[in-house]
Every structure is written in structure tokens, then in C-alpha cells.
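Residue numbers (the working numbering): 6 to 242.
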């Protein structure tokens, strides 16, 4: 109820109403977009895989509810960790919804990577584009700047050429992005909040409206592209 009060107090022009409920079927009735953020929280010293057993039950229940009452073209974004596995579980329990409608959020990793490159280059973050996150939303992900572009000095150039530091891109950049979630937890004793909410908003906006000439990364159920195993949730551009 406190969250509902705060949402009302924001006076958000696009917010028509809020339905507070503990029932997934009530929450998901006829929805076009579902943000699945309710998961066992990650604490300091925990890897995302440590959350798995508690979350199987949660995402099984949510998948079944979506299958029963949501629109069949619903766009589902799984934020709760381990996001890739949770998205896979959820999709398996919602067989009437196309599996391409289930995604896991790696947009936070993309935003982190973009921010790190912008800081290194000394440019506004919006002037960096086409950074890619491959794989799992975990410390095994691979942030890839090899095709990234930066607008600098009135022209667009490749990020690797602009940075001109291959060692940084292979080591410091990759490890900083991979470990950023753990660094946030160590600093604030809680997992990412505002940055994750912003990334979820970015993800869903781009899914509905498109991205123009900018690439975005999402965890999706693989069709075997780029030599990946089929039927696993993997982040692609």
C-alpha cells in the first residue's frame, strides 16, 4: 500500500491506476507487458545461481498465470535473478504464449558497458552505441565493444579505434562490467535498484517502439544463431 501511495504521489501523467494484489492471475489479466521483478533478492557474497531453487517456484506460478489470463502477444521481461534461467522456466510453464515473447534483462549490463566506455572516452553516454552483451546475466557474460561506435569531434568512429587501448577493452572493461552488480551490492548492501528500473524501462520501450540504428541486447530463447545451443536463454544484440 505504501508503494501505491508513492506512485499516486508522483502524479505521473501516464499512470491511470494501480491494482495492488498478491494474485498473479489478477495481476496478469489481459496484460500486454509483464515486468517480472519479484524474485529472491541477491545478497552480498551470493552468486545469481544461489537464488535458483527459491525462484523455480515463483516463476513456475507466474508462467502458469500468464498462460491462463494474459494476452497471447504479451511481452514478458524477467528482471529477477537468475534472469536467464527464470525466463526459461517461465516460458516453459506458459506454452500457449510464443517463446520469443519471453526475455531476460541484460539491458542493465549494456547500460553499464556504455557508461564505462563513455567515461573512458570523455563523451556523453548517448554518444556511444552498439555495445553488445553476450551470454548470461552473470559474471560469465561477455561485454563486447568491438562493433561499438562513438560520436566524437563531429564524426562517428569505432570505439576500439577511439580508445586505442586493446588491453583495457580485453581486461579492465570486461571485468568491470561483469562485476558491477557485485560492486553495487558491496557498496550499498543491496542489489541495484534505480539503475535496474531504468534498464527495464529502456528494454520494454525499445521492444515496443524499435531502436532505429542503435543495437540493444536482450536475453532471448536461442534459435541457434552465432553457434549457440538452441533453446537456452542467451543474450544477443
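Even for Gly, the Cβ is constructed at its ideal location relative to N, Cα and C.
Since the structure is predicted, the reported quantities are computational estimates derived from the model, not experimental observations.
- The beta carbon of residue 223 sits closer than 6 Å to the beta carbons of 108 from its chain, once the five residues preceding and following it are set aside; these are given in chain order.
- When secondary structure is reduced to three states using DSSP, residue 163 falls in the strand class.
- Setting aside the 5 residues that flank it on each side, residue 207 is surrounded in the same chain by 112, each with a C-beta closer than 6 Å to its C-beta; the list follows chain order.
- In the displayed model, residue 240 falls within a strand according to three-state DSSP.
- The alpha helix (DSSP H) runs of length 4 or more contained entirely in the region 25 to 79 are, from start to end of the chain, 29 to 32, 57 to 74.
- Rounded to whole angstroms, the Cβ separation of residue 86 and residue 44 is 6 Å, and the two are in contact under 8 Å.
- Across the structure, residue 23 and residue 164 are spaced so that their CA atoms are roughly 43 Å apart.
- Rounded to the nearest whole angstrom, the C-alpha separation of residue 25 and residue 9 is 7 Å.
- The residue among 31, 90, 79 with its C-alpha nearest the C-alpha of residue 56 is 90.
- Cα atoms of residue 169 and residue 118: separation of roughly 17 Å, rounded to the nearest angstrom.
- Note that the C-beta distance between residue 167 and residue 175 is not below 7 Å.
- Looking only at 148, 143, 133, the smallest Cα-Cα distance to residue 154 is reached by 133.
- By the Cβ-count criterion, residue 150 is buried, with 16 or more other Cβ atoms from all chains shown falling within 10 Å of its own Cβ.
- Secondary structure of residue 220 (DSSP, three-state): coil.
- CA-to-CA, the gap between residue 130 and residue 227 works out to about 29 Å.
- Contact between the region 55 to 72 and the region 91 to 105 is present, with at least three C-beta pairs closer than 8 Å.
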